[in-house]
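The sequence shown: position 932 = 939 (this note's numbering), numbered continuously. Worksheet: the structure to be examined is printed underneath.
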Amino acid sequence: MSKNPTPEQALAINTIKSNVSLLAGAGSGKTYVLMKRFVQILRADLSVNPTNIVAITFTRKAADEIKGRVRQAVSECVEQAQNDLERLRWQEHLQKVESAPISTIHSLCSRILRDNPVETQLDPEFTILEDFEAQDFFKETLQQYLRKNIKENAALRRLVQTYGVNSFVNQVTALGDKLSELVRDDNLAEPYLKAKEELPALQQKLFAAVREVIEAREALGAKTKGRQTLTEAAGLLDEMQKQLLAPEPDCSLLDASGVVKVSGKALAAELTNLKNLRQELNNVLLNAKGCDLVQDWLAVLQEFYACLSARKQENNVLFNDDLDLLAIEHLQKNEALRQKYQERYKYIMVDEFQDTNERQRQLIYLLCGNKLDGKNNLFIVGDVKQSIYRFRHADVSVFNRVKEDIAQNAGKNLGMKTNFRSTQSIVESCNTAFCQLMDLPKEEICLEHHEGANTGGAKVCLLQVPYKSKDDDLGAKEDKWQKEAEAIAAYLQQELPKVEQQLRPGASKAILLRAMTHCEILRQTLQGYGINCVVVKGKGFYEQQEVLDILNLLAALHNRYASLELAGALRSNYFGLDDATLTQLFWQTENDKPLWDVLQAVGSGELQLNLPPEQQALAMQAAERLRSLRQAAALMALPELFAQLWDELKPEFVLSQQENGPSKLANVKKLRRLAQQYCQTKQASLAEWLQNVKDLRASSSKEPAATVQADDALQIMTIHNSKGLEFDLVILPQLDKSVKGDTASIKYLPGKEGEQGLLGIKVPDKEMQLQNSGVYEQAKARDSELEEEESRRLLYVAMTRAKKQLLMVGTVAEEKLPEAVIGLPSAKGWWQQLQAVYEADWEKQESSCPWVRLLCADALSPAVAQQGEQQQLVLEPLALAPLPAYAACGRTCFTASALQTYLHCQRQYYYQQVLAVPELEQTVSGEQAHELPASVTGSIVHKALELYNGYNEEAVFTIALDEFAPGAAATQAKSMFDAYIVSDLYKALPKKQKRELEFVQPLQQELAAEGVIDLLAFDEDDNMIIVDYKTGTPPEPDEVKLGYAYQLALYKDAAEKLYPGKKVVRAELHFLQNMSVWQLPLDKSYLQEAVELCEEISGKGEENDFACICNDSCAYCHYAYLCPQKNKE
């Protein structure tokens, strides 16, 4: 951008005697304008200094950037001063820049509250809880509230009875930081109360519509099915009237008659009206039923919020959400305080105003003088097309409201349309697309390309990637994300060089994703073809392997019993012990002897192991280094300990040898910095800091990874993370990926100006099954509409990050080729929408937009693996699990699954149950690589079935998923769970049940069996039925697997001993993959065989006593790395 502002920029910079809104398009230089305007105010108004100018930004990073630019600009003014007096004035300004209120809105509110403890009645030393701390505090308070009030509070008791304790807790927790706004919304019960009043009139309207349709039946053809249905229904009209007009209307007869499903052109209007009224009655009826329930909700939420507020006050803590709320409250009620800040802050500038909300608007107005017809000191800048933070409660309508207020009070609404960032092809293709995709005036959408910026440039490219979606004679089906990644690699190798001369050396390149779900497929595929790429903010900061290596080491230094953490540290590149060595070390950890002691015994020579010479030397060095570091950890403060670690480990050298070394080193340096900051602010010990990190990891902390200059690496990041950035080349893949809908059980949408807020709840019907109330459906529909609008804005942000090249990629199943030209109204998702607005004709390879070209991946040659420098092997973390409780006695106490392992392979049983050595996970490829492990899938399904009570299946499954695989898709587990709970198998089970019944059952002498019965049901005669769920591969029909027979025999014996006098009449396995059943034959005693098998195992001692059974499954065995028989092959 030129040093001299354009006319539209100059107008925004110099208009300081008026309230101003500035609509700043992408790449138009708004940060430049903010900085220049700040300095222009200092230049033009001699009564102010930097502490009188508020500049509010969206993030701390943006605030630091603006403050840095202001500091530089003021420094230049000092140097350019024409005389001593002017120089002195600018020097004073420079000194005060550091104190200038350039910050986020939360930081500004915190400053107001801390600076006025008397007025706000707050201890200025209050603590602002981190997000994870706030979540824990919220949940703890909710649990306390439940325990204290469940007996006495009738409303709370009714809610718990209706939804169940877990569902109630989840729903309140889901409201989270919306709760403070919800409890201040006075009219949330109104739609439910109104429904109760409207119900009688609606009943009359519906019956009148039914009678009208039936009486007009002769308008339909005499032999039509609709005519026949209406004729039959005429005889039921009186009974329908009784049902429909009853105090509690019943539509069962109407629905069964089929009248609502009749169709016919002659009665089209009447039938449409009837169907609409029937749906409306259903919604209104559920709303009416929810009338008492929603008032229970409001009363309970009000009471809980009061408890939460009181507990915050007791603990002198605040949530981030409290800061603006309290600042507004005290500014509103305290005129002196309000006047103090109105006089102090003479100019207020707000960046990214499209991402503010109504509450923040109120705060800004209070600081400006409540109405904008007083002081002319407000400047807002933003772009409604780039509002993408609705999940943080941003409300794009606030920007438009403030624009209107400014215009009505003689202010100025300005705009900056000139784009300095992108080529004309990118600018024009964005204009073409979003003039159709966004419901905004054309003048607010269209950008103008700056002729001096990024001239030339290739057309924007739409890359279509066909893939095989199913097996056929020509080959197996393909993973579409893998196929897409390969097509991107081919494009980068073959198409990019044709236009790469337009990119500067070391050009910035980025792949922007809506979500990081499949980013590893992209990264691995591209790197496999020799394309240098790096994932930015993929996993959480604390889950990065280089960070875990240091955390594991510190945990082991703090606690010598932290054997798993020590193993992780030893396996890192700092110590270099391999899997075989660690396995031998773990074999020595019997009788609760920690790995630390075993390693020290090796280091001192007390313990001799048969290790390769190189590994022996590394183990001895590790023991000595760790002993020295542990002594340091006991004596040193955290900053000094990190300094010692740095000297000992030399991370600069170690990490620089690895792939993505600069990024890894930046992360380790950041960890050291965070530890030092925590120690300084909290005066914390190593133990306290490690606990803090543990809490952060448990809460899936969003602490970002450190950033480094990626040179010419292709960066992979989310679109949200790219906001405010720009890249020479932008690739947008996975455009046809569907977005998961919201499955929340309670929905609250705050009301906008002129709209009522909505609290949507689920209401039990006559069968006590929870149904969406009409208000819930209304809230859901409004929420979906807002989400779709934001989705299109997110696409706009993604496309406008590109400076010179833009590639957009979508997949299509081969059987759908060629993709038809689609109209925008019927287009779903980004890929279809883009094809619609560009009128893409794939058969002709033509687009109506002259700035866009179409390219099919089939026209590219397959990508070729590039030969580059040998990359250092990056070890994956060792999969070490804590030893099971029964492992030490693997020859005296048995589980059903252990017996199945023994029958499958005795040697595997020995490694798993007797030695309890760690498993080595096998690498899988292809489609299986993206599925959850079978054990995790089974755990999710079992937990969901344990919790399921006949309704709330979505909430139940979410709880199970969050416990075992938070954030995962778990499509296989969800499919099995959904299919089973509606199957005849499940419905046929007696309702009286015990679930997850644990037992330890003596067999004979010193032998025992233990297990968990998934479900024990009791029929009408109190006979018992045992059911065990299986998510694995079902056996062949009529096949008797001894492992299954022994399992059910042990369960049968345990159940009959747990419930004396009751008999097990059926014991069966339910295979959820195909809804098949395997029953234990009750005419044969498998129990004695199972006991004899346990006796056989207990009599064995050494490894050679356990036979090694080699078969096709050996390739997938987790212990193949140990098995001598396998290693002979």
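Glycine is no exception: its CB is placed at the ideal position from the N, C-alpha and C atoms. Please read all numbers here as calculations on a predicted model, not as lab measurements.
Might you give, ordered along the chain, the residues of its own chain that have their beta carbon closer than 8 Å to the beta carbon of residue i, omitting 5 neighbours on each side?
i, result
"Phe-971", "Val-943, Ser-946, Ile-947, Lys-950"
"Leu-503", "Leu-736, Gln-812"
"Cys-298", "Ala-196, Tyr-199, Leu-200, Ala-202, Lys-203"
"Val-434", "Asn-426, Leu-454, Glu-455, His-456"
Around the C-beta of residue i, are 16 or more other C-beta atoms found within 10 angstroms, so that it is buried, or is it exposed?
i, result
"Ile-538", "buried"
"His-1009", "Looking at the sequence itself, residue 1009 is Pro, so the reference to His does not match. By the neighbour-count rule (16 or more Cβ atoms within 10 Å), Pro-1009 is not buried but exposed."
"Thr-427", "Per the sequence shown, the amino acid found at residue 427 is Phe instead of Thr. Its Cβ being crowded by 16 or more others within 10 Å, Phe-427 is buried."
"Arg-351", "exposed"
"Trp-594", "exposed"
"Ala-888", "Per-residue confidence for Ala-888 stands at a pLDDT of 29, beneath the threshold of 50, marking its modelled position as unreliable; no derived number is given."
"Val-259", "Looking at the sequence itself, residue 259 is Ser, so the reference to Val does not match. Looking at its Cβ environment, which holds fewer than 16 other Cβ atoms inside 10 Å, Ser-259 is exposed."
"Ser-35", "buried"
"Gly-933", "Note that Gly-933 scores 43 on pLDDT, short of 50, meaning its location in the model is unreliable; the coordinates nonetheless yield the value given after this. Exposed."
"Ile-1151", "The structure shown does not extend to residue 1151, since the chain is modelled only from 8 through 1136, so no value can be given for it."
"Arg-800", "buried"
"Asp-390", "buried"
"Tyr-909", "buried"
"Pro-997", "exposed"
Taking residue i as part of the beta strand (DSSP E), name the residues at either end of that continuous run.
i, result
"His-1077", "1071 to 1078"
"Thr-64", "60 to 64"
"Pro-771", "769 to 771"
"Asp-1021", "1014 to 1025"
"Phe-734", "734 to 739"
"Tyr-354", "354 to 357"
"Ala-517", "516 to 520"
"Cys-863", "859 to 863"
"Met-806", "No beta strand (DSSP E) contains Met-806, which is instead part of the alpha helix (DSSP H) from 781 to 806."
Please name the residue in the options whose C-alpha comes closest to that of residue i.
i, options, result
"Phe-1025", "Val-1071, Thr-1040, Lys-1037, Gln-1054", "Val-1071"
"Pro-515", "Ser-982, Ile-723, Gly-1108", "At residue 515 the sequence reads Ser, which differs from the Pro that was named. Comparing Cα-Cα distances from Ser-515 to each of Ser-982, Ile-723, Gly-1108, the minimum goes to Ile-723."
"Gln-763", "Ser-752, Leu-742, Gln-785, Glu-1075", "Gln-785"
"Val-266", "Ser-259, Leu-288, Ala-240", "Ala-240"
"Ser-780", "Lys-282, Asn-289, Ser-117, Ser-187", "Asn-289"
"Ala-1056", "Asp-1029, Thr-1040, Gly-1018", "Gly-1018"
"Tyr-1093", "Lys-1064, Gly-1108, Lys-1059", "Lys-1059"
"Leu-444", "Ala-253, Phe-406, Trp-837", "Trp-837"
"Phe-1113", "Ile-1033, Arg-914, Tyr-993", "Arg-914"
"Gln-359", "Asp-486, Ala-273, Ser-110", "What sits at residue 359 in the sequence shown is Glu, not Gln. For the residues Asp-486, Ala-273, Ser-110, the minimum Cα distance to Glu-359 belongs to Ser-110."
"Leu-602", "Ile-518, Arg-632, Asn-566, Val-554", "Asn-566"
"Pro-254", "Ala-208, Ile-335, Arg-224", "Ala-208"
"Ala-19", "Arg-44, Met-523, Gly-32", "Arg-44"
"Phe-984", "Ala-975, Glu-960, Ile-966, Asp-969", "Glu-960"
"Val-963", "Ser-174, Gln-552, Gln-741", "Ser-174"
"Gln-79", "Lys-769, Leu-101, Tyr-549", "Leu-101"
"Asp-184", "Leu-332, Arg-50, Leu-293", "Leu-332"
Could you pull the start and end residues of the alpha helix (DSSP H) that residue i belongs to?
i, result
"Asn-559", "552 to 565"
"Tyr-916", "913 to 916"
"Ile-726", "726 to 729"
Excluding sequence positions up to five away, which residues of its chain have a Cβ less than 6 Å from the Cβ of residue i?
i, result
"Ala-895", "Model confidence at Ala-895 stands at a pLDDT of 36, short of 50, so the residue's coordinates are unreliable and nothing is read from them."
"Asp-1035", "Asp-1021, Leu-1076"
"Arg-318", "Thr-148"
"Arg-1002", "Glu-953, Leu-1022"
"Ala-226", "Ala-273, Leu-274"
"Leu-315", "Thr-148"
Near residue i, what residues of its chain come up, given a Cβ to Cβ distance below 7 Å and the 5 sequence neighbours on each side ignored?
i, result
"Ile-48", "Ile-23, Val-55, Ile-60, Tyr-354"
"Ala-682", "Leu-645, Phe-649, Trp-696"
"Glu-246", "Leu-260"
"Leu-880", "Note on Leu-880: pLDDT 29, under 50, position unreliable in the model; no value is reported."
If you measure from the beta carbon of residue i to each beta carbon in chain C, is any gap under 7 Å?
i, result
"Leu-251", "Judged by its chain identifiers, the structure shown contains no chain C, having just a single protein chain."
Legend entry - Given 8 Å, three or more beta-carbon pairs between the segment 1094 to 1113 and the segment 902 to 913: Result yes; three or more Cβ-Cβ pairs closer than 8 Å.
Legend entry - the segment 94 to 109 in contact with the segment 59 to 73 per 3-pair CB rule at 8 Å: yes
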